[in-house]
Amino acid sequence: MSLAKKILIGFVSLIVLLVLAIGILIATVDPNDHRQEITQFISDKTGRELTIGDMQISLFPHLGLSLENAKMSNAQGFEASDFATVDKVNVGVAILPLLKGELEIDALTLHGLNLNLERNAQGVTNWDDLVTKTVGKTEHHKEEEHHQNDSFEELAALSFGGLDIQDSHIQWNDQLNQQTVSLTPFNLSSDAVTFGEFFNVVLQADTQITNPDMQTQTDLSVDIKIEQNGQIEIQNLVQRNELKGENIPVAKLTTELDIPSLKFALGQTQIDLPELVLTYSVKGGKDFVAKEIQGKLSLTQLKTDVQKQTTGAQTVKLTYDMQGSEDFALSHATGEINLQNPEFNLANQSLKSGRFTLDGELKGDTLPNGQANVSLSTQPELNMQAQTAALKDIQLQALDLKASGQVQLSQLKTHPKVSSQLALNETNLRRLLTQLGLKIDAVERMSDKTTLTRASATLAVDFDSQSQAVKVKNLSVKLDDSELKGQASFQNFEKPDIGFNLALNQINLNRYLPPKPKQAPEPTPETETADTPITLPTELLRNLSIDANLKAGSVTYDKLNPKNIVATVKGQGGLINLNPLKMDIFKTQLLASASLDVRGKLPKYAFKTDTKNVPVGDVLLAFTDNDRLSGTGSVNANITTAGDRLSAFKQNLNGSAAVNLKDGAIKGFNLAQSIRQAKAKIAGEKAAGPTEELKTDFSSLISEVQITNGVVDTKKLLAQAPYMRINGLGKVNLVKEELDYLVKTKIVASDKGQGGEDLKELNGLTIPVKLKGALKSPKVSLDLESLLEQKAKQEVEKKIEEKKEEVQKKLEDELKSNILKGFKF
Numbered sequence: 001m002s003l004a005k006k007i008l009i010g011f012v013s014l015i016v017l018l019v020l021a022i023g024i025l026i027a028t029v030d031p032n033d034h035r036q037e038i039t040q041f042i043s044d045k046t047g048r049e050l051t052i053g054d055m056q057i058s059l060f061p062h063l064g065l066s067l068e069n070a071k072m073s074n075a076q077g078f079e080a081s082d083f084a085t086v087d088k089v090n091v092g093v094a095i096l097p098l099l100k101g102e103l104e105i106d107a108l109t110l111h112g113l114n115l116n117l118e119r120n121a122q123g124v125t126n127w128d129d130l131v132t133k134t135v136g137k138t139e140h141h142k143e144e145e146h147h148q149n150d151s152f153e154e155l156a157a158l159s160f161g162g163l164d165i166q167d168s169h170i171q172w173n174d175q176l177n178q179q180t181v182s183l184t185p186f187n188l189s190s191d192a193v194t195f196g197e198f199f200n201v202v203l204q205a206d207t208q209i210t211n212p213d214m215q216t217q218t219d220l221s222v223d224i225k226i227e228q229n230g231q232i233e234i235q236n237l238v239q240r241n242e243l244k245g246e247n248i249p250v251a252k253l254t255t256e257l258d259i260p261s262l263k264f265a266l267g268q269t270q271i272d273l274p275e276l277v278l279t280y281s282v283k284g285g286k287d288f289v290a291k292e293i294q295g296k297l298s299l300t301q302l303k304t305d306v307q308k309q310t311t312g313a314q315t316v317k318l319t320y321d322m323q324g325s326e327d328f329a330l331s332h333a334t335g336e337i338n339l340q341n342p343e344f345n346l347a348n349q350s351l352k353s354g355r356f357t358l359d360g361e362l363k364g365d366t367l368p369n370g371q372a373n374v375s376l377s378t379q380p381e382l383n384m385q386a387q388t389a390a391l392k393d394i395q396l397q398a399l400d401l402k403a404s405g406q407v408q409l410s411q412l413k414t415h416p417k418v419s420s421q422l423a424l425n426e427t428n429l430r431r432l433l434t435q436l437g438l439k440i441d442a443v444e445r446m447s448d449k450t451t452l453t454r455a456s457a458t459l460a461v462d463f464d465s466q467s468q469a470v471k472v473k474n475l476s477v478k479l480d481d482s483e484l485k486g487q488a489s490f491q492n493f494e495k496p497d498i499g500f501n502l503a504l505n506q507i508n509l510n511r512y513l514p515p516k517p518k519q520a521p522e523p524t525p526e527t528e529t530a531d532t533p534i535t536l537p538t539e540l541l542r543n544l545s546i547d548a549n550l551k552a553g554s555v556t557y558d559k560l561n562p563k564n565i566v567a568t569v570k571g572q573g574g575l576i577n578l579n580p581l582k583m584d585i586f587k588t589q590l591l592a593s594a595s596l597d598v599r600g601k602l603p604k605y606a607f608k609t610d611t612k613n614v615p616v617g618d619v620l621l622a623f624t625d626n627d628r629l630s631g632t633g634s635v636n637a638n639i640t641t642a643g644d645r646l647s648a649f650k651q652n653l654n655g656s657a658a659v660n661l662k663d664g665a666i667k668g669f670n671l672a673q674s675i676r677q678a679k680a681k682i683a684g685e686k687a688a689g690p691t692e693e694l695k696t697d698f699s700s701l702i703s704e705v706q707i708t709n710g711v712v713d714t715k716k717l718l719a720q721a722p723y724m725r726i727n728g729l730g731k732v733n734l735v736k737e738e739l740d741y742l743v744k745t746k747i748v749a750s751d752k753g754q755g756g757e758d759l760k761e762l763n764g765l766t767i768p769v770k771l772k773g774a775l776k777s778p779k780v781s782l783d784l785e786s787l788l789e790q791k792a793k794q795e796v797e798k799k800i801e802e803k804k805e806e807v808q809k810k811l812e813d814e815l816k817s818n819i820l821k822g823f824k825f
């Protein structure tokens, strides 16, 4: 049984008790002389203690009762000592109409009522005992009688003078929800009540609420007409409410409800409300986004079926007019929200409706020309019994942005799932940023001002809250001349599991980067010597699982233009592998692999490559803007390192590398010319100035190095040129940034190639060149002493050889002569 019905039955019961009490008073003439009997009678019926002050009875022309200073005790186990106290009670019945079978009741007057309503932590109220004791036996019979008699025809002769409840205080103490409500004061008055005629009801109350702390002021005025057949008509209902509170985000909320007319029958289950209007006004608080919001909520043709538990309306319309706060981006916003033909079914907690539309106008300094229009439309659906919801046919337009899609939700009460399809029509992002008044430094510095002018996207997104999984399917993002397609997934926010399979047709990154400076800035001493930290999101990488594939048709970055790129990344528990990394670049195919291991204290890195037909000159030109070394051949490397700083990174560098180049050149110096100059210096002649290009050609260059703890040890360095053979040995210490190298160049007999004819005189000599010192500026020295020794030794050996030949010839001639002399013919 509902709370309202319980209170109504209790009120009727109390009236019956009062009538009985009046009978006793009349019988005893002076009620004050029998106060004890009266209070005992009430106590027997209710179990409560009743005390009454002065009592007065009137007999003619009205049979009336007047009580002063009455109070009733509270139920046991509740906080308040009294359930109710009242300063003055007046009630009366006209005697002469009773002789005609008519009942005319005077206005019920209650002044100074103090009513304490409570509910304990177990959900028991302090009036439950009153309802049980007074109406428990007759409740079922009365309910049956109510259903059998749907009209008020039996009460046709009833006339009630109305209510006059003034200066009342009603307290509600709810221990179950830890909340208190206080209506102080509470005033209720009405005109005389007669069937078939309108009577006015006025209510005024100030309410204090805790948890949350709020204060409200309520004023209500309504005209009511009750027909004998149970039909009730309401007109001119106006209810004004003002809400304040420290725990709400606004300073004040004012509402005014206006219902012009309403008809319903107590015996029927349908209620028709032609129109309802709620006007609201909000005064913003300190941290609220708006200074003030005003608007109106209106409903038309509201229909409610109590038996079917359905409520529907023809239209729901909300208007708003907002003045933004000083810190808010919008200075003014107006708009209208409409919902067509909504229908709520309370039985299965469902909503079906027509289109939901929002049309608004925004104003603010950050908007293009100070204003912008926004429109949104969709068709919402909700079914809590099936745990589903949907937003169908979403259409959004704001500035130059147009989007469409739909959203479906399931398992709303358990583990919500979301499935959505979204599409962004082609738009000009640059113009959109300009319209919004946003200046992004990266966009402003882009070298190509025609970028970001064509952007669009389509995708499907699924979300599962239980597994914390996000899946992106049918992804297609277009930006200018680039298009990215594929799918991606993300699972488990605490330990991310990422996967994607994406394909990019092409992109020119140079268009989106700032113009390259004509001259690189000189590095500062701090930059050169600083021990730069290498920062990694270590904990994230340790918790990360990844399985990703990326393909790209063509990528342009600086002077690089790799094509047919394929990259596969897999990792778990802190070990990330990039294998393979393939691309067509520099007229060959690069094949490499790399790994990152953060499972230990220091991150570890590894890199491998074995690439054939590498045009080294093109590679250096792309990365360093110079091609000091050219040639085509193979590059092989297997390198590992570890560390979280650049110094440790270099110190832990280990592995091996090898190059084998053909038909190239080393630019920057002409070795043949340097040797000629050295030759002239040895001979005491004047050295000729440079007449040829500063480069040293070679037909073959082979180098093999072993790297140990940051020290690069050259195991093999061989180079062949038309006039010389070069080999070298030495070490490069990357940690100390020092080198100690010796390059030996042996001149071979040749009259072809780069200056070969001029070097015939040096044929067979080995020219040693030493490189030692700082890696960035080593000292280069030619070992002239050794060269002179070799030259002198060569001359001596030549003279000796000539003498040997001369002596041998003489010996041969003498021997021949002596032999012939021994034979005489």
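The sequence shown maps to residues 1 to 825 in the numbering used here. Beta carbons are placed, not taken as given, at the ideal position from N, Cα and C, and that holds for glycine. Remember, predicted model here, so these are calculated numbers, not experimental data.
Express the C-alpha separation of residue j and residue i in angstroms, rounding to a whole number.
i, j, result
"A606", "L581", "13 Å"
"E197", "K317", "34 Å"
"F78", "W172", "12 Å"
"D272", "G405", "36 Å"
"Q379", "D287", "33 Å"
"L163", "E37", "29 Å"
"E49", "A75", "10 Å"
"L243", "V202", "19 Å"
"N425", "L513", "25 Å"
"A398", "F500", "31 Å"
"S73", "T255", "38 Å"
"L591", "A552", "15 Å"
"K746", "K770", "15 Å"
Keeping to the same chain, check which residues put their C-beta closer than 7 Å to that of residue i; ignore five residues upstream and five downstream.
i, result
"F493", "Q468"
"Q371", "E361, L362 and K363"
"Q491", "S467, Q468, A469 and D497"
Go ahead and label residue i buried or exposed: buried means 16 or more other beta carbons lie within 10 angstroms of its beta carbon, across all protein chains shown.
i, result
"Q122", "exposed"
"S465", "exposed"
"R445", "exposed"
"E539", "exposed"
"Q673", "buried"
"N709", "exposed"
"A719", "buried"
"N126", "buried"
"K417", "buried"
"I259", "buried"
"S190", "buried"
Using a Cβ-Cβ cut-off of 6 Å (strictly less than) and excluding sequence neighbours within five positions of residue i, which residues of its own chain qualify?
i, result
"K88", "E68 and H111"
"S634", "K612 and N660"
"N638", "K608, G655 and S656"
"F186", "S168, I170 and A205"
"T458", "A423 and S476"
"Q307", "T269"
"R511", "D448 and T451"
Taking 7 Å as the cut-off, does the CB of residue i come closer than this to any heavy atom belonging to the ligand FMN?
i, result
"K252", "The ligand FMN is absent from the structure shown, which contains no ligand whatsoever."
Between which two residues does the alpha helix (DSSP H) holding residue i run?
i, result
"F649", "L646 to Q651"
"D481", "First-last for D481: undefined, no H or E at that position."
"V287", "Residue 287 is actually Asp in this sequence, not Val. Note, D287: premise wrong, no alpha helix (DSSP H); not H, not E."
"R430", "L429 to Q435"
"E240", "Correcting the residue identity first, residue 240 is Arg in this sequence and not Glu. Per DSSP, R240 belongs to no alpha helix (DSSP H); it is in the beta strand (DSSP E), Q231 to K244."
"E444", "D441 to E444"
"R628", "From DSSP, R628 is part of no alpha helix (DSSP H); its letter is neither H nor E."
"E539", "T538 to N543"
What residue range does the beta strand (DSSP E) around residue i cover?
i, result
"E118", "N114 to R119"
"T218", "M214 to I226"
Given residue i, which residues of its chain have a CB within under 8 Å of its CB, disregarding the five upstream and five downstream residues?
i, result
"R542", "G573, G574, V598 and R599"
| task | Just list the alpha helix (DSSP H) runs in the region 702-739, keeping only unbroken ones of 4 residues or longer that don't cross its boundaries, in chain order. | result | none
| Which ranges does the beta strand (DSSP E) cover as unbroken runs of at least 3 residues, wholly within the region 337-392, from first to last along the chain? | 343-345, 350-352, 356-363 and 371-383
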